[in-house]
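Working notes, beginning with the structure itself.
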Amino acid sequence: MPSPDRSNRRPVYAALPVLLLCQLWAPGCGSGEEPVVRESVAMNTYVTVSVYDPPLSPAETAARIDSALAEIRRVEALASDYSDSSEIGRVNRAAGSAGVRVSPEILDLVRLSLRYAALSGNAFNIAVGPLVKEWDFLAEHPRIPDARTIDSLLVLVDLSAVDIRGDTLTLRRKGMALDLGGIAKGYAVDRALASLRRGGIRRAIVDIGGNLGIAWDDAAMLEGGAAGISVRDPRNDGTMFGSFPAGNAGVSTSGDYQRCFITDGKRFHHVLDPATGYPAAGVVSVTIVAPDAVTADILSTLVFVLGKERGLAFIGRLQGVEGLVIREEGDSLVGDATAGLRRVFERGEPRD
Ligand code: AMP
Ligand code: MG
12 MPSPDRSNRR
22 PVYAALPVLL
32 LCQLWAPGCG
42 SGEEPVVRES
52 VAMNTYVTVS
62 VYDPPLSPAE
72 TAARIDSALA
82 EIRRVEALAS
92 DYSDSSEIGR
102 VNRAAGSAGV
112 RVSPEILDLV
122 RLSLRYAALS
132 GNAFNIAVGP
142 LVKEWDFLAE
152 HPRIPDARTI
162 DSLLVLVDLS
172 AVDIRGDTLT
182 LRRKGMALDL
192 GGIAKGYAVD
202 RALASLRRGG
212 IRRAIVDIGG
222 NLGIAWDDAA
232 MLEGGAAGIS
242 VRDPRNDGTM
252 FGSFPAGNAG
262 VSTSGDYQRC
272 FITDGKRFHH
282 VLDPATGYPA
292 AGVVSVTIVA
302 PDAVTADILS
312 TLVFVLGKER
322 GLAFIGRLQG
332 VEGLVIREEG
342 DSLVGDATAG
352 LRRVFERGEP
362 RD
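Per my numbering: the sequence shown ends with 363, consecutive numbering throughout.
Written as structure tokens, this is what we have:
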């Protein structure tokens, strides 16, 4: 079993409203029917599959949702870095001694990660594994690691020591570890949504811990009247910072309020700056809208590390990607969004 989020010790569904990063409403649903919603736990977080306008019988819809959840668990079994038996777990255990044959999906995820690392000056860096383990944000009482320990681990955050030959993945340095925590949930969302689509479902939302995939008929990425996505106020749980409509899209939020602790009034959170070994500073949350969920997942982490200026410039150079960066200014929160998102974004609570 992966080590669960600390909050998993509370009853799962009672904790849900606290944990959801984005909440959903469906102004465009139109049918007057309630969605079929299934909640579950996977990949160390909460999973919600919502099917709107189910074209099938309740039993058929339930079977489609079962298959989507099975896809998520399949990806988890490949990509989890908490498990020694997952493919990534085996690659990490063999670091410095041997390569491990892995599935094409893992190779694709690693290649995609390396591509975004190269584009971002290694701001997105899946070799952060040793740092993530040292910070151990899921521990009962996480604490700030010793500065010397962080320095000694930084040399292991070395993507040049990641080798792909054929179907074999090798980490050349002992102590290295890959961590797909910034990409795997988005990928699992895409797989789950593809499974629902194959099953004939045309309107659905899959949410794995704030990584959303939306299927909405033929609606464009930010089409008005499609699914409604709310962005949580990162400093006021239960309050919305704003909302926007999304059609077929991936939406991901990375925030400093997830997996974090506060010591002496200072917040430490799980998005690490691979250059320093410490949590990335400067912004509070980043929401990305992209054509698919894996891209949104990568980019929310990457833009968080780059910060507002460089992060927004980065996504400005990509096709079909929009984003919102929220930061603190004194006691208030300020949001900066790309032009496409600004056009449809509404500040405050969503209107019914
Ligand atoms: P996300 O919630 O998608 O922003 O991903 C954060 C997770 O990705 C962390 O919990 C780590 O497992 C991993 N991670 C942390 N920092 C980075 C980074 N700079 N690049 C890639 N993955 C990271
Ligand atoms: Mg991410």
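Heads up, the beta-carbon is just placed ideally off N, CA and C, and yes, glycines get one too.
The DSSP assignment places complete beta strand (DSSP E) segments of no fewer than 3 residues inside the stretch 255-327 at 260-266, 271-274, 277-280 and 296-301, in order along the chain.
In the DSSP assignment, Y93 falls outside any beta strand (DSSP E), carrying neither H nor E. Listed in chain order, the alpha helix (DSSP H) runs fully inside the stretch 57-109 are 69-90 and 98-104, counting runs of at least 4 residues. In this structure, the alpha-carbon of R213 lies about 17 Å from that of P256.
For T298, the shortest separation between its Cβ and any heavy atom of ligand 2 does not lie below 7 Å. In this structure, T56 has its CB at a distance of at least 7 Å from all heavy atoms of ligand 2. By the criterion of a C-beta distance shorter than 7 Å, V86 is surrounded in its chain by A195, Y198, A199 and R202, once the five residues flanking it on both sides are discounted.
In this structure, the straight-line span from the alpha carbon of V102 to that of A150 is close to 24 Å. Of the heavy atoms belonging to ligand 2, none sits nearer than 7 Å to the Cβ of I219. Of the heavy atoms belonging to ligand 2, none sits nearer than 7 Å to the Cβ of G100. In the three-state reduction of the DSSP assignment, L180 falls in the strand class, which pools E and B.
Within the model, the alpha-carbon separation for D77 versus V113 is close to 26 Å. Linking A134 to A70 through their CA atoms gives a straight-line distance of about 45 Å. Going by C-alpha positions, D267 is about 34 Å away from R75.
Judged by DSSP secondary structure, R202 falls within the alpha helix (DSSP H) whose first and last residues are A195 to R209. Below 8 Å, too few C-beta pairs join the stretch 231-241 and the stretch 146-166 to call them touching: fewer than three. Within its own chain, the residues whose Cβ lies closer than 7 Å to the Cβ of A106, once the five positions on either side in sequence are excluded, are L182, R184, K185, G186, M187 and A188, listed in chain order.
Between A301 and L313, the C-beta spacing is not below 8 Å. Looking at the DSSP output, A129 sits in no beta bridge, so it has no partner there. For the 8 Å CB-CB criterion, G224 and G192 do not form a contact. Ligand 2 has a heavy atom closer than 7 Å to the beta-carbon of D308.
Contact between I337 and S296 holds, since their C-beta atoms are separated by about 5 Å, short of 8 Å. Residue side-chain check: A304 keeps its Cβ at 7 Å or more from all non-hydrogen atoms of ligand 1.
A straight line joining the alpha-carbon of D169 with that of G100 spans about 18 Å. Beta bridge pairing from DSSP links G224 with V217 and G261.
A straight-line Cα-Cα distance of about 14 Å links S51 and G221. When rounded, the separation of the alpha-carbon atoms in F148 and A90 is 19 Å. In this structure, DSSP gives E145 a helical state, which the three-state scheme calls helix. The residue among K144, A350, T179 and F356 with its C-alpha nearest the C-alpha of L167 is K144.
In the structure shown, E116 falls within a helical segment according to DSSP collapsed to helix, strand and coil. Counting other Cβ atoms within 10 Å of its Cβ, G211 stays below 16 and is therefore classed as exposed.
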